[in-house]
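These protein sequence lines are chains A and B, in that order.
Taking the numbering used here, the leading residue of the first sequence gets 3, the next gets one more, and so forth.
Taking the numbering used here, the leading residue of the second sequence gets 3, the next gets one more, and so forth.
Right, one structure below, let's go through it.
Protein chains: 2
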Amino acid sequence: MNEQLVVLGVDIGGTKLAVGSVDASGRILATARASTPVREGPQRVLSLLIDLCKDVLAATLRQAGNYRVVAVGVGCGGPLDPERGIIYAPPNLPGWEEVHLAEDLTDRLGYPVYVENDANAAALGELRFGGGRGIKNFVYLTISTGIGSGIVIGGKLYRGENGNAGEIGHMCVAYDGRPCHCGSRGCLEAYASGPSVAMRAREAAAKDGNTLLLKLAGSVEAIRPETVVAAVKQGDPLATRVWEETTFVLGVGIANVINIFNPRLVLLGGGLTQAGDLLFAPVRRVALSRAFARLTRVVDIVPASLGEMVGVLGAAAVAFDRLEQRVMNVGNVI
Amino acid sequence: MNEQLVVLGVDIGGTKLAVGSVDASGRILATARASTPVREGPQRVLSLLIDLCKDVLAATLRQAGNYRVVAVGVGCGGPLDPERGIIYAPPNLPGWEEVHLAEDLTDRLGYPVYVENDANAAALGELRFGGGRGIKNFVYLTISTGIGSGIVIGGKLYRGENGNAGEIGHMCVAYDGRPCHCGSRGCLEAYASGPSVAMRAREAAAKDGNTLLLKLAGSVEAIRPETVVAAVKQGDPLATRVWEETTFVLGVGIANVINIFNPRLVLLGGGLTQAGDLLFAPVRRVALSRAFARLTRVVDIVPASLGEMVGVLGAAAVAFDRLEQRVMNVGNVI
Chain A
3 MNEQLVVLGV
13 DIGGTKLAVG
23 SVDASGRILA
33 TARASTPVRE
43 GPQRVLSLLI
53 DLCKDVLAAT
63 LRQAGNYRVV
73 AVGVGCGGPL
83 DPERGIIYAP
93 PNLPGWEEVH
103 LAEDLTDRLG
113 YPVYVENDAN
123 AAALGELRFG
133 GGRGIKNFVY
143 LTISTGIGSG
153 IVIGGKLYRG
163 ENGNAGEIGH
173 MCVAYDGRPC
183 HCGSRGCLEA
193 YASGPSVAMR
203 AREAAAKDGN
213 TLLLKLAGSV
223 EAIRPETVVA
233 AVKQGDPLAT
243 RVWEETTFVL
253 GVGIANVINI
263 FNPRLVLLGG
273 GLTQAGDLLF
283 APVRRVALSR
293 AFARLTRVVD
303 IVPASLGEMV
313 GVLGAAAVAF
323 DRLEQRVMNV
333 GNVI
Chain B
3 MNEQLVVLGV
13 DIGGTKLAVG
23 SVDASGRILA
33 TARASTPVRE
43 GPQRVLSLLI
53 DLCKDVLAAT
63 LRQAGNYRVV
73 AVGVGCGGPL
83 DPERGIIYAP
93 PNLPGWEEVH
103 LAEDLTDRLG
113 YPVYVENDAN
123 AAALGELRFG
133 GGRGIKNFVY
143 LTISTGIGSG
153 IVIGGKLYRG
163 ENGNAGEIGH
173 MCVAYDGRPC
183 HCGSRGCLEA
193 YASGPSVAMR
203 AREAAAKDGN
213 TLLLKLAGSV
223 EAIRPETVVA
233 AVKQGDPLAT
243 RVWEETTFVL
253 GVGIANVINI
263 FNPRLVLLGG
273 GLTQAGDLLF
283 APVRRVALSR
293 AFARLTRVVD
303 IVPASLGEMV
313 GVLGAAAVAF
323 DRLEQRVMNV
333 GNVI
């Protein structure tokens, strides 16, 4: 039986950790998960990660199959240095001031470790295993706690001058608009991320108590993005106003993405896209009406295809991608 | 004496035509210019272009030097199909419904003809002969009658799925802002192009006659972007308000470009940049304060370097670029 190359995909989130072993076709062989002990600091999180990786390695090698684990890919919130694998205090991982993640994990696991921004990793996952297969130019957006993006150009991830391209969540669409936690104003993320949907719904409900939102959530403070979606489905006017603003601004942002990149696909993933057509229908309508016809003609705005497994599969794609580049580079030298 | 390859660069604008012969180092050997007889339709413009090309060819071959003209590059307003060299009714060339420019010029000149969007051509000119030399990732913006852009990624022009990437002038920065002639609202171009500066100054002067603008221009209708710049230099409060809004919105747009592309350079060319530091100082201040520090650290926002010759040199760069790609492709096949 032929030897099959396998990588570990490691997804480091602010609320959960996930590790999976993945073969070159994108099949997941084994997985392990845990809550992120985020308050206990990076060393505790890394120890737990090592345990999860070892569990997955053992479970993988117990399976019938001639598997050889060759590398570890990691997706993590930025800012980070993808070349050196150093994490610089992502907002969702307080205390991770300058964590030499790649070096640390390599020392403790014995495999080469490759680190990438989580949105870039997800884009690579979609490119290799998901809806982006065979597509040269696409933009992946995750609409979640924040809005992250990965830009694929000519079939490759575009990282920019120092690895930080794709802050599309902080593209300003209202120059004197809502303040954003990044320090600017009117960013896409200030309107269309999960927390901003909840915040705007809370503000509206605090002013006007005549809304289903209060009945569904119990209190203003308990309103969450899911509450808004549920209230919209029941026809609540206040929730509908908040949701219409959300999808409108997201549509404007995606029109910008289309006008700037002239992509074949805009892939949308992340928690808020679970609203399905309630999100996609108005977003498509706004984006396609505001961008140039010559560009909208060639683009589709569609749900990302990897769903919940995008974290692990994206991280695995990072590892496969870097391994191939190494091979390519070696080939070029010879 | 070694044979030197030369190309013709042809710049087709709505007000003027320019042709120059250019060697591989970017030296201009001969030029010819004419006003664009835009009302007389494409056939008349093409005949005049052929005459200009023939003049430049003759003047080039009369010079001491072993020159061999090998191709013609053309920069023209879009939309257009750069692969097939077809022009589709650019706003500045009314009546050019479906002009097979490459085919037509090839038939009449006997050289291969390569066509590119004028902003893309300018970016290629800066990449090959100007401020973009040796830079992998930069964005060129021309702030002129419209706002065009060319995106260079990995040392190559990024064209997008069907050749229309880079409509950064129609990136929305105010979702409920000023109407734009493209049909959308709040586009960068609706605030920071030359005509929009003049239009906003006229609107303001029509409401409040107490402004130097009227003295300098003679009437509301005669206010031009240059009038606004002149009045700002003399401290006129109304002109200053219009100019501050202009540079602020342009700064916001460039902050977006930085957050999205993480480029090494943002090169600004076009008429409005002749205002010099009056434009660059506030634009830099706004852009650098609104984009992420990790990205602003690696970027410079600087004037494009080719000045008035960008049209001819950009078109020449298009020709050299495509010739090299041909050679490369042939090389790959062998």
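Cβ coordinates follow ideal geometry from the N, Cα and C atoms, glycine included.
- Think of a sphere of 8 Å around the beta carbon of G168/B: the chain A residues whose beta carbon falls inside it are I262, N264, in chain order.
- At least one beta carbon of chain B lies nearer than 8 Å to the beta carbon of P81/A.
- Taking 8 Å as the cut-off, the beta carbon of G271/B is found no closer than this to the beta carbon of A233/B.
- In this structure the stretch 125–140 of chain B touches the stretch 320–328 of chain B; the number of beta carbon pairs closer than 8 Å is three or more.
- In terms of beta-carbon proximity, V117/A stays away from the interface with chain B, with every pair separated by 8 Å or more.
- With respect to N261/A, L218/A sits apart: the two C-beta atoms are not nearer than 8 Å.
- No Cβ-Cβ contact shorter than 8 Å links T248/A with V301/A.
- Taking a contact to require three or more Cβ pairs closer than 8 Å, the stretch 147–165 of chain A and the stretch 78–89 of chain A qualify as touching.
- Judged by DSSP in its simplified three-state form, A66/B adopts coil rather than helix or strand.
- By alpha-carbon distance to G43/A, the top candidate from S37/A, P96/A, S23/A, V24/A is P96/A.
- The C-beta distance from G75/A to V9/A rounds to 6 Å, short enough to meet the 8 Å contact threshold.
- For the stretch 165–190 of chain B, the set of residues with a beta-carbon nearer than 9 Å to any beta-carbon of chain A comprises G165, N166, A167, G168, E169, I170, G171, H172, M173, C174, V175, A176, Y177, D178, G179, C184, G185, S186, R187, G188, C189, in chain order.
- By the CB criterion at 8 Å, V141/A and F250/A fall outside the cutoff.
- Close partners of Y142/B in chain A (Cβ separation under 8 Å) are lacking, with about 14 Å as the shortest Cβ gap.
- Each residue's CA atom was taken as its position, placing G133/A and L290/A some 20 Å apart.
- For a cut-off of 8 Å, the C-beta gap from V24/A to A318/A is around 4 Å, short enough to register as a contact.
- For N258/A, the closest of W245/B, P239/B, R187/B by C-alpha to C-alpha distance is R187/B.
- Residue-level contact by beta carbon fails for A192/A and chain B, as no gap is shorter than 8 Å.
- In the three-state DSSP reduction, E246/A falls in the helix class (H, G or I).
- When 8 Å is used as the limit between beta carbons, G162/B is near these residues of chain A: N139, F263, N264, P265, L297, in chain order.
- Short of 7 Å from the beta carbon of L214/A, and not among the five residues preceding or following it, lie these beta carbons of its own chain, in chain order: A233, Q236, D238, A241.
- Contact fails between the stretch 277–296 of chain A and the stretch 102–120 of chain A, because fewer than three Cβ pairs, one in each stretch, are under 8 Å apart.
- R292/B belongs to the set of residues whose beta carbon lies under 8 Å from a beta carbon in chain A.
- Of all alpha-carbon atoms in G77/B, V285/B, C174/B, V154/B, the one lying nearest the alpha-carbon of L267/B is that of V154/B.
- Within the stretch 152–238 of chain A, the complete alpha helix (DSSP H) runs of at least 4 residues fall at 191–194, 196–209, 214–219, 227–235.
- By the neighbour-count criterion, in which a residue is buried when 16 or more other Cβ atoms sit within 10 angstroms of its Cβ, E246/B is exposed.
- Along the stretch 88–111 of chain B, going in chain order, the ones with a CB nearer than 9 Å to a CB of chain A are Y90.
- If you draw a straight line from the Cα of G77/A to the Cα of F131/A, it is about 16 Å long.
- Closer than 8 Å to the CB of V268/A there is not a single CB belonging to chain B.
- Of the candidates R226/A, S27/A, G179/A, the residue whose Cα lies closest to the Cα of C189/A is G179/A.
- Neighbours of A257/A in chain B, taken as residues whose beta carbon is under 8 Å from its own, are C174, S186 in chain order.
- Take the alpha-carbon of L315/B and the one of G309/B: they are about 10 Å apart.
- When rounded, the separation of the alpha-carbon atoms in V175/A and V254/A is 7 Å.
- Apart from sequence neighbours up to five positions away, the residues of its chain that approach S195/A with a beta-carbon distance below 6 Å are G148, I149, ordered along the chain.
- Under the DSSP assignment, L143/A falls in the beta strand (DSSP E) whose first and last residues are 140–145.
- In chain order, G87, V115, V117 place their CB closer than 6 Å to the CB of A104/A, counting only its own chain and leaving out the 5 sequence neighbours on each side.
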